[in-house]
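Step one of this worksheet: look at the structure below.
There are 2 protein chains.
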Amino acid sequence: MAEESGRQTTAIQPRRDQDFPEWYQQVIRAADMAENSPVRGCMVIKPWGWSIWERIRDYLDFRIKATGHENAYFPLFLPLSYLEKEASHVEGFAKECAVVTHHRLEFKDGKLVPVAELEEPLVIRPTSETVIGEAFSRWVNSWRDLPLKINQWANVVRWEMRPRIFLRTTEFLWQEGHTAHATEEEAWQEAKLMLEEYRKLMEDVMAMPVIIGSKSPGERFPGAVDTMSLECMTQDRKAIQAGTSHYLGQNFSKAFQIRFNTPDGKMEYAYTTSWGATTRLLGAMIMVHGDDNGLCLPPKIAPYHVVIIPVLTKAERNEAVLRAAQKLKAELEARSFDGSPVRVHIDGRDIRAGEKGWMWVKKGVPLRIELGPRDIETESCVVTVRDDPQLAKTVMPHTQLVRTIEEMLADFQERLFQKAWAFREQHIHTDISSFDEMKAFFTPKNEEKPEIHGGFVKAKWCGDQKTEELLKEMKVTIRSIPIQQSGTQGRCIITGQPATIDAIFAKSY
Amino acid sequence: MAEESGRQTTAIQPRRDQDFPEWYQQVIRAADMAENSPVRGCMVIKPWGWSIWERIRDYLDFRIKATGHENAYFPLFLPLSYLEKEASHVEGFAKECAVVTHHRLEFKDGKLVPVAELEEPLVIRPTSETVIGEAFSRWVNSWRDLPLKINQWANVVRWEMRPRIFLRTTEFLWQEGHTAHATEEEAWQEAKLMLEEYRKLMEDVMAMPVIIGSKSPGERFPGAVDTMSLECMTQDRKAIQAGTSHYLGQNFSKAFQIRFNTPDGKMEYAYTTSWGATTRLLGAMIMVHGDDNGLCLPPKIAPYHVVIIPVLTKAERNEAVLRAAQKLKAELEARSFDGSPVRVHIDGRDIRAGEKGWMWVKKGVPLRIELGPRDIETESCVVTVRDDPQLAKTVMPHTQLVRTIEEMLADFQERLFQKAWAFREQHIHTDISSFDEMKAFFTPKNEEKPEIHGGFVKAKWCGDQKTEELLKEMKVTIRSIPIQQSGTQGRCIITGQPATIDAIFAKSY
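First to last, the sequence lines map onto chains C and W.
My numbering numbers the first residue of the first sequence as 1 and each following residue consecutively.
My numbering numbers the first residue of the second sequence as 510 and each following residue consecutively.
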């Protein structure tokens, strides 16, 4: 390991610039966040990964409730007949549906086989617009029943041919919000409100800058009138769709008969929305903030802000060191960050301090503090800040650490955001003006062993859905039509025709 | 409704004594807790039911963490080959497994059909010993890796032929703890520790007295060495198994090769446990505490402790009433109960106060407060306590209400427990001494329209598994071999042979 050998090496092999996808896998392994399960395409989320997810979930759950939504829970199974009701919805999801066809197992010739075939096969929910639409059709009768604003935390299944842990797994976890409204305007406002809530989560809590905007027709959610998304840039300059909010118009209310009596006695179809954020956020966070030493956690979602590593030597000295560690922990926990007490963990395991130190580096804890027999005498400690590439050690009096801990964590949070912001801005290109130039931009110099290349191209687009097909050969898609539009005239980067729409083109996960 | 008609009627029809199973369904409907989904055997948990489940979940999650467990998440799917590894486990669950056989849908002749058959079918987890056992076999290598104490919150599927909402649903939600230990003794302690945590949840939080003990061999979890359970008595005098904790010995560690190096270099199999509590707790709570006016919530898990109903009359008066309601709410919220602020809701909807009042009665909120124009003048309010069968109204000064709110809620919590305790004690019979007597005891007088009958029979049992078969004709099982044993000699109630074991016999949900 770097510190011990003295050589300029890194905890994660390969480095980001050597093989980004493999680096990503190794960070997850080194941080002990999750693992690929032998169950095809599925993952096991291990305690460290889960405790980060819990923080994301708890924050988002709080905001979902604060904005007037209620949690509920709907069945895992969808009858085939539900899926069939919305034509583009079924078309969008049919290819990736896990289907339950039997409800019993029996041994036949010593082999366990499915028996008791179902009359109507059941699909495991890839998303719940249909089963929730069916419920809403019963719950909504009058304008007094609206708006209906429901959220559920659930697992969903979309059969993945090329799974990638956190980013694309056959089973994943998410929240899905589903709302019904009396007017188009109110439903639009809802979809935008939740987009803004996701922006706050991603930028203000997870320190990941996002571009918010609408999807092009080719990238829309199956059944939506408009899909809005939040796109991050990874350190290999690709886009990750980190959350979506859909305005569904009356598509699902017509498919499921979600109708209401207006105050003047007419029957009208409701306007619905849906919006979701998933465990993929963990993958985005790794790809945005991780470095060649492993995970790097924004303090607001770090399970621990500070890990104290007592340097244990001889039994007679250890007691004093452990006592000092406990005292420092208590003093730090009496301080608060982001509205709750600073989270401190003492790693008192009887293994070498260096080994413990590297473990917490790889797990991404913002501050690591070493405390040895000599430090107690001077009432100081050795502090390492996780986002320093050199992991430089600073000696600091306990009093100073305690007094400035909140500021140190706030600065850390802000630095992560600023660094990711600067990186993204550096790799948004606005000077690419022809299709050929764009093609060159997105083509690696070395096809055998592609280096990190590309970025986001911000260019004009004519809005013609057919042009999206032409992007496929360079494995690029329109990621976003940003909400902030310049309003200027220009020429479509694909067709050369006059165009006004500003669009973001990129490769994506 | 009762209050309005003046007649001695009840909010729930039928009453408990008329048709208990139907009363149960009607309470759930009246409280708007959940509904049967058109998806066979599955339920929709509606916001009121969900918010109660959240409180149970949050309490239990806190205790699970406080006792040194970590949360994680494992796949929804089990390969058939996993299930086959533990013989009695597969035998126990094979009959109720939902099986995924295809991973794609296609339209054929205008009909959606499953295509892309899986090489190995996948089972939707009925419980996760197998998939977690497989992971543990990789995670555990040395004695240093033990104990391994993991919990997950998840949905599971057991195909139910006779579903009953909350109590037996094809899909249900639960937590399942899974631990591995170096010694038999430590694993036993763990299983007992979690049994005690469940007891605290059920008795101290949900106010439901439980009998804790071991299951007889015929009722054991498939693959367990010992299953311990917590059994409540419903108001129709049946048993509900409200939680279980299993000592699994080395059965699963041998099936999945969960082995570790001991400090002296030997390889040994770990000892494992598992324990779970489910959404069935909501059903148990209804059947233990509900009455003929609906749900009755123990304050510790009530989403609201107090609902204030402003009596709205004329616009010019309403403002003052609503202001007084807000003030009272703020004063009550400044008080605490069970370690957190009193939870108060103002129902300011523009509908009749009587209608609002009955809604909250049926939803089981502990205290209902009416506040009208005359009450403000006297700075008093009208208080109704949910567990009073007459729902009598008491006029009370605001100051008194605020001063005594914590005591009122604590008393309410205690009353519910004492009432359920007294009911149960009244219906535990220790004087039934022969098989024929027991048969008569468990036989309704009127088979056509069975009245509430029976109860728990506490009697001696010889311990012979074959005798359990003989109980089937009276639809009775051994519910528990209580941990507290008298140690006396007697005769087995089934065989008449000498016996020492005290056992609880009952019908059950």
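All residues carry an ideal CB built from backbone N, CA and C; glycine is no exception.
Being a predicted model, the structure only gives us computed values, none of them experimental.
Lys747 of chain W versus Ala793 of chain W: straight-line alpha-carbon distance, rounded: The sequence position of residue 747 of chain W within the second sequence is 238, counting from 1. The sequence position of residue 793 of chain W within the second sequence is 284, counting from 1. If I take the Cα positions, the gap works out to 11 angstroms.
Hey, out of W:Arg564, W:Gln993, W:Phe583 and W:Pro1007, whose CA is closest to Gly722 of chain W's CA? In the second sequence, the residue the question calls residue 722 of chain W occupies position 213. Gly722 of chain W has its Cα closest to that of W:Gln993, out of W:Arg564, W:Gln993, W:Phe583 and W:Pro1007.
Could you name the residues of chain C that Leu682 of chain W contacts, counting a contact when the two beta carbons are closer than 8 angstroms? Along the second sequence, read from residue 1 onward, the residue named residue 682 of chain W stands at position 173. Within chain C, the residues near Leu682 of chain W are Tyr73.
Taking 8 angstroms as the threshold (beta carbon to beta carbon), is Thr404 of chain C in contact with chain W? Here residue 404 of chain C refers to the residue found at position 404 when the first sequence is read from its first residue. No, Thr404 of chain C lies away from the interface with chain W (no Cβ there is under 8 angstroms from its Cβ).
State the DSSP-derived secondary structure class of Asp632 of chain W, mapped to helix, strand or coil. Taking the second sequence and counting its residues from 1, the one referred to as residue 632 of chain W is at position 123. Here the sequence assigns Val to residue 632 of chain W, which means Asp is not the residue at that position. Residue state, collapsed to three classes: strand.
Given a cut-off of 8 angstroms on the beta-carbon distance, is the pair Trp174 of chain C and Asn580 of chain W in contact? As a working mapping, residue 174 of chain C is identified with position 174 in the first sequence. As a working mapping, residue 580 of chain W is identified with position 71 in the second sequence. With contacts defined by Cβ atoms closer than 8 angstroms, Trp174 of chain C and Asn580 of chain W do not form a contacting pair.
Would you call Phe571 of chain W buried or exposed, if buried means 16 or more other Cβ atoms sit within 10 Å of its Cβ? In the second sequence, counting from the first residue as 1, residue 571 of chain W sits at position 62. Burial state of Phe571 of chain W is exposed, judged by a 10 Å Cβ sphere holding fewer than 16 other Cβ atoms.
Under 8 angstroms, CB to CB, which of the residues in the stretch 149 to 164 of chain C have a partner in chain W? Here the close residues are Ile150, Ala154, Asn155, Val157 and Trp159.
If you drop the 5 nearest sequence neighbours on each side, which residues of the same chain put their C-beta closer than 7 angstroms to that of Gln569 of chain W? Looking up residue 569 of chain W in the second sequence gives position 60. According to the sequence displayed, residue 569 of chain W carries Leu and not Gln. Here the set comprises Gln684, Leu710 and Ala786.
Mapping the DSSP letters down to three states, classify Gly785 of chain W as helix, strand or coil. Here residue 785 of chain W refers to the residue found at position 276 when the second sequence is read from its first residue. DSSP places Gly785 of chain W in strand when its eight states are reduced to three.
In its own chain, which residues sit with a C-beta less than 7 angstroms from the C-beta of Cys551 of chain W, not counting the 5 before and 5 after it? Position 42 of the second sequence, counted from the first residue, corresponds to residue 551 of chain W. Answer for Cys551 of chain W: Thr678, Thr679 and Glu680, listed in chain order.
Members of the stretch 73 to 89 of chain C that neighbour chain W once the beta carbon cut-off is set at 8 angstroms: Sequence-ordered contacts of the stretch 73 to 89 of chain C with chain W read Tyr73, Phe74, Pro75, Leu76, Phe77, Leu78, Pro79, Leu80, Leu83 and Glu84 [C-beta pairs closer than 8 angstroms].
Count the other CB atoms, across all protein chains shown, that sit within 10 Å of the CB of His860 of chain W; report buried if there are 16 or more and exposed otherwise. For the purposes of this step, residue 860 of chain W is identified with residue 351 of the second sequence, where counting begins at 1. It is Ile, not His, that sits at residue 860 of chain W in the sequence shown. A residue is called buried when at least 16 other Cβ atoms come within 10 angstroms of its Cβ; Ile860 of chain W does not meet this threshold and is exposed.
Give the DSSP-derived three-state secondary structure of Phe221 of chain C in the structure shown. On the first sequence, position 221 is the one that residue 221 of chain C refers to. Coil.
Just how far apart, CA to CA, sit Trp652 of chain W and Ser646 of chain W? Numbered from its first residue, the second sequence carries residue 652 of chain W at position 143. Numbered from its first residue, the second sequence carries residue 646 of chain W at position 137. Here the alpha carbon of Trp652 of chain W sits roughly 13 angstroms from the alpha carbon of Ser646 of chain W.
Mapping the DSSP letters down to three states, classify Ile52 of chain C as helix, strand or coil. Start at 1 with the first residue of the first sequence, and residue 52 of chain C comes out as number 52. Residue state, collapsed to three classes: helix.
Interface residues of chain W around Gln50 of chain C at Cβ under 7 angstroms? Stepping through the first sequence from its first residue, residue 50 of chain C is reached at position 50. Residue identity differs from the one stated: residue 50 of chain C is Trp in this sequence, not Gln. Under the 7 angstroms cutoff, chain W gives Asn580, Ala581 and Tyr582.
At 3 residues or longer, what runs of the beta strand (DSSP E) sit wholly inside the stretch 346 to 402 of chain C? Fully enclosed beta strand (DSSP E) runs of 3 or longer: 367 to 371, 380 to 385 and 393 to 397.
How far does the beta strand (DSSP E) with Lys658 of chain W in it reach, from first residue to last? For this step, residue 658 of chain W is matched to residue 149 along the second sequence. In the DSSP assignment, Lys658 of chain W falls within the unbroken beta strand (DSSP E) covering Leu657 to Val666.
In chain W, which residues lie less than 8 angstroms from Leu112 of chain C when you measure between Cβ atoms? Indexing the first sequence from 1 puts residue 112 of chain C at position 112. Listed by position along chain W, the residues whose Cβ is nearer than 8 angstroms to that of Leu112 of chain C are Leu589, Leu592, Glu593, Val599 and Ala603.
Classification of Thr771 of chain W by the beta-carbon crowding that lies within 10 angstroms, buried from 16 upward: Position 262 of the second sequence, counted from the first residue, corresponds to residue 771 of chain W. Exposed: under 16 other Cβ atoms inside 10 Å.
List, in order along the chain, the chain C residues whose C-beta lies closer than 7 angstroms to that of His611 of chain W? As a working mapping, residue 611 of chain W is identified with position 102 in the second sequence. Going along chain C in sequence order, the residues near His611 of chain W (Cβ under 7 angstroms) are Val99 and Thr101.
May I ask which residues mark the beginning and end of the alpha helix (DSSP H) holding Ile537 of chain W? For the purposes of this step, residue 537 of chain W is identified with residue 28 of the second sequence, where counting begins at 1. That run of the alpha helix (DSSP H) goes Phe529 to Ala539.
What residues of chain C sit near Ile554 of chain W, judged by a beta carbon separation below 7 angstroms? Position 45 of the second sequence, counted from the start, is the residue given in the question as residue 554 of chain W. Listed along chain C are Ala72 and Tyr73, each with a C-beta nearer than 7 angstroms to that of Ile554 of chain W.
Residue-level contact to chain C via CB, Val640 of chain W, 8 angstroms cutoff: The residue labelled residue 640 of chain W in the question sits at position 131 within the second sequence. For Val640 of chain W, the answer is yes, since a Cβ of chain C falls inside 8 angstroms of its Cβ.
Quick check: the Cα distance between Asn251 of chain C and Phe1014 of chain W, rounded to an integer number of angstroms? Translated into positions along the first sequence, residue 251 of chain C becomes position 251. Translated into positions along the second sequence, residue 1014 of chain W becomes position 505. Cα to Cα, Asn251 of chain C sits roughly 55 angstroms from Phe1014 of chain W.
Within the same chain, show all residues whose beta-carbon is closer than 7 angstroms to that of Ala116 of chain C, passing over the 5 residues directly before and after it, in chain order. The residue you call residue 116 of chain C lines up with position 116 of the first sequence. The beta carbon of Ala116 of chain C sits closer than 7 angstroms to those of His102, His103 and Arg104, all from its chain and outside the five residues before and after it, given in chain order.
Can you pull the DSSP bridge partners for Trp461 of chain C? Counted from its first residue, the first sequence places residue 461 of chain C at position 461. Bridge partners of Trp461 of chain C: C:Ile501.
With a threshold of 8 angstroms, are at least 3 pairs of Cβ atoms found where one atom belongs to the stretch 326 to 345 of chain C and the other to the stretch 285 to 294 of chain C? Because the criterion of three Cβ pairs below 8 angstroms is not met, the stretch 326 to 345 of chain C and the stretch 285 to 294 of chain C do not touch.
Beta strand (DSSP E) runs wholly inside the stretch 559 to 647 of chain W, at least 3 long, in chain order: Runs of the beta strand (DSSP E) inside the stretch 559 to 647 of chain W: 586 to 588, 608 to 617 and 620 to 633.
Shorter than 8 angstroms from the beta carbon of Ala575 of chain W to some beta carbon of chain C? Your numbering for residue 575 of chain W matches position 66 in the second sequence. Among the CB atoms of chain C, none fall inside 8 angstroms of the CB of Ala575 of chain W.
Less than 8 angstroms between the C-beta atoms of Arg368 of chain C and Val311 of chain C, yes or no? Start at 1 with the first residue of the first sequence, and residue 368 of chain C comes out as number 368. Start at 1 with the first residue of the first sequence, and residue 311 of chain C comes out as number 311. Contact check for Arg368 of chain C against Val311 of chain C fails: the beta carbons are separated by 8 angstroms or more.
Along chain W, which residues have their Cβ under 8 angstroms away from the Cβ of Val39 of chain C? The residue labelled residue 39 of chain C in the question sits at position 39 within the first sequence. Contact note: Val39 of chain C reaches chain W through Pro584, Phe586, Leu587, Pro588, Leu631 and Val640, using a C-beta cutoff of 8 angstroms and chain order.
Using the Cβ count rule (16 or more neighbours within 10 Å means buried), how would you classify Arg386 of chain C? For the purposes of this step, residue 386 of chain C is taken as the residue at position 386 of the first sequence. Per the 10 Å Cβ criterion, buried.
Kindly list, in the order they appear in chain C, the residues whose Cβ is closer than 7 angstroms to that of Ala644 of chain W. Working through the second sequence from its first residue, we reach residue 644 of chain W at position 135. Simply Val44.
Would you say Leu105 of chain C lies against chain W (beta-carbon separation less than 8 angstroms)? Position 105 of the first sequence, counted from the start, is the residue given in the question as residue 105 of chain C. Yes, because at least one Cβ of chain W sits closer than 8 angstroms to the Cβ of Leu105 of chain C.
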